[in-house]
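According to mature numbering (1 follows the signal peptide of the UniProt record, and there is no 0), the residues represented by the sequence shown are -22 to -1, 1 to 224, in order. Built from N, CA and C at the ideal position, the CB exists for glycine as well.
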Amino acid sequence: MQQFLISALCLCLCLAATSAAASGSALRVGLSDEYPPLSYTDEDGQRRGFEYELADSLCRRLGRTCVWTFTTQADLVQGLRNGSFDLIFAQRLEPKQEGLLYSTPYYHSRAMCIGRPGGRGPEEAGARIGVYQGSVLVQRARGFWPEADIVTGSVQELIRRLRQGSIDVLFINDLAGYAFLLTDEGLEFDRLDVPFDAETRATGSCVAVRAGRPELLDAVNRALKALLYSGEFHNRSRSYFQYIIY
C-alpha cells in the first residue's frame, strides 16, 4: 500500500511538472519580414524594428521565451490558423479575419502614396503601383485604381523598383512610408496628393491569436497595457518615429 501511494505521488508530481512546463513553454511568434522600420534586418545582419522590439518586450512581460518566424502577411495568418504560431503581430482590425481574436491596437496608421513629384499618378491609366504582398492594401489598390498595374512584393523590393523606375507609385502603410521619405534614398520622392475614400482612415494594428485561446489574448492585453503605462512603449517608438503612433 505504501509503495502504491509513493508511486501515485510521483505520478502526480510528474503530471504537475509537465503542466507547469507547458504553461511556460516557448511562444511561437510570427512577424512581418523585411518591413522597415517595423521589422527588418540591418546591415550587420541583426534583426531590428519597432514591432520586433515590442514583441520581444511583450514576451518578457509574459515571462515566456519566444521563438521567432519572419514571413509574409499571408503566411502569418495561415500559420496562425494551422497552429504553426501562437500569436502574430501587425494584424489590422479592418477587415477582421475569421477565426482570429484581436488584442487592443498598439499603433494606428493609414495608407499613403509615394512617387516622384510630377511623375505618373496612380489614377492614370497604365500606372504601375507597388503594394506590400499579402497586405489588405492589395485589394484596396485594385478597387481604387482598376486600370492600374498592381505589382506586389516586399517593402524593400518595392522601394528598389520605385527608385529604378519600374513602378510609378508605392501604396504603403504611412509608418513605413514616412520612414522611407526621411532616408537619403527617399529624398527624390514625396507623398502624392491623392483623394482616398473612408477606407483609408487610420486603423489599428493588433496582436492576433487563434479563436479558442482567450486566456492568451487576455495575457497579451495585460502585457501591452503594462508596456504602455510604464513608458516602455513610447520609449521604443521614439527610436523609430517622430510622432505618436499609439
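Tell me the rounded alpha-carbon separation between residue i and residue j.
{"i": "I222", "j": "R120", "result": "30 Å"}
{"i": "residue 306", "j": "S208", "result": "Because the chain is modelled from -22 through 224, residue 306 falls outside the range shown and cannot be assessed."}
{"i": "R141", "j": "G108", "result": "12 Å"}
{"i": "P124", "j": "R38", "result": "45 Å"}
{"i": "S132", "j": "L148", "result": "11 Å"}
{"i": "P83", "j": "N199", "result": "9 Å"}
{"i": "A89", "j": "F167", "result": "16 Å"}
{"i": "A157", "j": "Q134", "result": "12 Å"}
{"i": "A201", "j": "A189", "result": "19 Å"}
{"i": "R118", "j": "L206", "result": "31 Å"}
{"i": "T130", "j": "Y110", "result": "6 Å"}
{"i": "I137", "j": "G143", "result": "10 Å"}
{"i": "G23", "j": "K203", "result": "31 Å"}
{"i": "R25", "j": "S217", "result": "15 Å"}
{"i": "E12", "j": "R106", "result": "22 Å"}
{"i": "N213", "j": "L165", "result": "27 Å"}
Is residue i near residue j, with beta carbons less than 8 Å apart?
{"i": "L65", "j": "V7", "result": "yes"}
{"i": "S87", "j": "N151", "result": "yes"}
{"i": "G61", "j": "L170", "result": "no"}
{"i": "D127", "j": "G104", "result": "yes"}
{"i": "F211", "j": "L153", "result": "no"}
What does DSSP give as the partner residue(s) for residue i in the beta ladder?
{"i": "N151", "result": "A89"}
{"i": "I128", "result": "I107"}
{"i": "G79", "result": "For the sequence presented, residue 79 should be read as Leu rather than Gly. L79 is bridged to V187."}
{"i": "R94", "result": "Bridge partners of R94: none, in fact."}
{"i": "D20", "result": "In DSSP, D20 forms no bridge with anything."}
{"i": "Q142", "result": "For Q142, which the question treats as bridged, DSSP gives no partner whatsoever."}
{"i": "I66", "result": "G8 and A186"}
Ignore the nearest five residues each way along the sequence and tell me which others in residue i's own chain have a CB closer than 8 Å to its CB.
{"i": "S10", "result": "L16, S17, E29, F48, T49, T50, Q51, L54, F67 and A68"}
{"i": "P73", "result": "V114"}
{"i": "V172", "result": "C91, G99, P100 and E101"}
{"i": "F63", "result": "R6, V7, G8, T47, L54 and G57"}
{"i": "S183", "result": "F67, A68, Q69, R70, L71, P83, Y84, Y85, H86 and S87"}
{"i": "Q75", "result": "V55, Q69 and A186"}
{"i": "R139", "result": "G108, V129, G131 and I145"}
Can you name, in chain order, every residue of its own chain whose Cβ lies under 6 Å from the Cβ of residue i, other than the five neighbours on each side?
{"i": "G41", "result": "none"}
{"i": "I(-17)", "result": "Per-residue confidence for I(-17) stands at a pLDDT of 38, beneath the threshold of 50, marking its modelled position as unreliable; no derived number is given."}
{"i": "T43", "result": "A4"}
{"i": "V45", "result": "A4 and R6"}
Could you check if residue i is buried or exposed, using at least 16 other CB atoms within 10 Å of its CB as the buried criterion?
{"i": "L58", "result": "buried"}
{"i": "E163", "result": "exposed"}
{"i": "D146", "result": "buried"}
{"i": "residue 229", "result": "Beyond the ends of the chain as shown, which are -22 and 224, falls residue 229; an answer cannot be given."}
{"i": "Y224", "result": "exposed"}
{"i": "L195", "result": "buried"}
{"i": "A(-1)", "result": "Unreliable placement is indicated for A(-1), whose pLDDT of 38 sits below 50; the coordinate value is still reported in the next sentence. Classification of A(-1): exposed, given that the 10 Å Cβ count is below 16."}
{"i": "L160", "result": "exposed"}
{"i": "A180", "result": "exposed"}
{"i": "S35", "result": "buried"}
{"i": "E21", "result": "exposed"}
{"i": "L32", "result": "buried"}
What residues in its chain sit with their C-beta under 7 Å from that of residue i, if we drop five residues either side in the sequence?
{"i": "A186", "result": "L58, L65, I66, Q69, L78, L79 and Y80"}
{"i": "G112", "result": "T50, Q51 and A52"}
{"i": "L27", "result": "It is worth fixing the name first, because residue 27 is Gly in this sequence and not Leu. Cβ neighbours of G27 beyond the five flanking positions: P14, P15, L16, S17 and Y18."}
{"i": "P192", "result": "L79"}
{"i": "A197", "result": "L40"}
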